[in-house]
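Each remark here refers to the structure printed beneath this line.
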Amino acid sequence: MSATELSNSFLGNLLEICFVTRDHRRTMEGLVRLGIGPWRIYTFDSRTVTERTYHGAAADWAIKVCFADVGDLAVEIMQPLYGPSIFQEYLDRHGEGIQHLAFDVAGRPWSERLAEFAGRGFEPTQSGRFMDRNAFAFFATGEATGTVFETYDIPAGFTWPEPEEWFPGPPPAGQQPPLRIQEGTS
Numbered sequence: 001m002s003a004t005e006l007s008n009s010f011l012g013n014l015l016e017i018c019f020v021t022r023d024h025r026r027t028m029e030g031l032v033r034l035g036i037g038p039w040r041i042y043t044f045d046s047r048t049v050t051e052r053t054y055h056g057a058a059a060d061w062a063i064k065v066c067f068a069d070v071g072d073l074a075v076e077i078m079q080p081l082y083g084p085s086i087f088q089e090y091l092d093r094h095g096e097g098i099q100h101l102a103f104d105v106a107g108r109p110w111s112e113r114l115a116e117f118a119g120r121g122f123e124p125t126q127s128g129r130f131m132d133r134n135a136f137a138f139f140a141t142g143e144a145t146g147t148v149f150e151t152y153d154i155p156a157g158f159t160w161p162e163p164e165e166w167f168p169g170p171p172p173a174g175q176q177p178p179l180r181i182q183e184g185t186s
């Protein structure tokens with residue numbers, strides 16, 4: 001144990017904080033008023049996400065996902081569109097708000113990340129692979145911690161596709177959002 005880390009630490013770096021909303025546009029507008037943006041907007045569905053699961057079984061779901069960067073942290077907005085999801089469950093139980101935090105799990109290989117959460121009693125609740133490369137998984141940590149924890153694995157060489165839309169507009173020419181490359185991942 002140290003002043004900042006327990007001997008059983010495994011979560012690594014905090015990468016992201018996510019708001020779940022019924023209206024991604026309204027939430028983006030509010031956050032832009034606070035100076036957070038620009039936003040990159042994507043749809044996560046059968047065209048963009050493979051291996052979609054919900055509580056351990058294959059599932060057909062879609063969410064609108066929006067990203068903005070604040071320093072080293074990604075701010076995310078998710079709006080469920082259809083199908084079963086932990087995001088719709090959150091809205092139904094709690095209303096809109098901060099639904100999850102994402103960590104890099106210290107760059108461990110994907111199978112080790114999943115095993116580490118499971119070994120601590122936290123099973124995956126939703127998962128997928130964006131562009132068939134960027135794996136992500138959410139875990140049943142809410143009852144123990146008050147919120148959901150996520151890990152995702154951005155593989156070396158992964159390039160985010162151009163978003164469906166920028167809000168309120170794209171960054172100036174020649175400027176791009178950070179790549180957030182995770183060293184030592186698989």
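The numbering of the sequence shown is full-length UniProt numbering, which starts it at 1 and goes up by one.
The beta carbon of each residue, even a glycine, is placed where N, CA and C say it ideally should be.
So, with DSSP's three-state summary, where would you put residue i?
{"i": "Ser186", "result": "The predicted position of Ser186 is uncertain, since its pLDDT is 46 and thus under 50; no value can be drawn from it."}
{"i": "Arg33", "result": "helix"}
{"i": "Gly157", "result": "coil"}
{"i": "Ala58", "result": "strand"}
{"i": "His24", "result": "helix"}
{"i": "Gln88", "result": "helix"}
{"i": "Ala135", "result": "strand"}
{"i": "Ala144", "result": "helix"}
{"i": "Arg40", "result": "strand"}
{"i": "Leu93", "result": "Reading off the sequence shown, one finds Arg at residue 93, where the question assumed Leu. Looking at Arg93 - three-state DSSP - the assignment turns out to be helix."}
{"i": "Thr53", "result": "strand"}
{"i": "Met1", "result": "coil"}
{"i": "Pro80", "result": "strand"}
{"i": "Ile48", "result": "Per the sequence shown, the amino acid found at residue 48 is Thr instead of Ile. Residue state, collapsed to three classes: coil."}
If we count the other Cβ atoms within 10 Å of its Cβ and call it buried at 16 or more, is residue i buried or exposed?
{"i": "Gly142", "result": "buried"}
{"i": "His100", "result": "buried"}
{"i": "Ala3", "result": "exposed"}
{"i": "Val105", "result": "buried"}
{"i": "Arg133", "result": "exposed"}
{"i": "Gly184", "result": "Low local confidence applies: a pLDDT of 49 at Gly184 is under 50, so the model's placement there is unreliable, and no value is given."}
{"i": "residue 244", "result": "Outside the displayed span of the chain (1 to 186) sits residue 244, for which this structure offers no information."}
{"i": "Met78", "result": "buried"}
{"i": "Thr27", "result": "buried"}
{"i": "Glu89", "result": "buried"}
{"i": "Asp153", "result": "buried"}
{"i": "Pro80", "result": "buried"}
Are residue i and residue j touching if we call contact CB-CB under 8 Å?
{"i": "Ile98", "j": "Ile17", "result": "yes"}
{"i": "Phe167", "j": "Gly37", "result": "yes"}
{"i": "Cys66", "j": "Glu51", "result": "no"}
{"i": "Leu91", "j": "Val20", "result": "yes"}
{"i": "Leu45", "j": "Pro177", "result": "The amino acid at residue 45 is misidentified as Leu; the sequence shows Asp. It is not a contact, given that the beta carbons lie outside the stated cut-off."}
{"i": "Thr48", "j": "Phe139", "result": "no"}
{"i": "Ala59", "j": "Gly83", "result": "yes"}
{"i": "Leu15", "j": "Ala102", "result": "yes"}
- Could you say if the region 119-126 and the region 158-177 meet the contact criterion of at least three C-beta pairs nearer than 8 Å? no
- Length at least 4, wholly inside the region 95-130: the alpha helix (DSSP H) runs in chain order: 110-119
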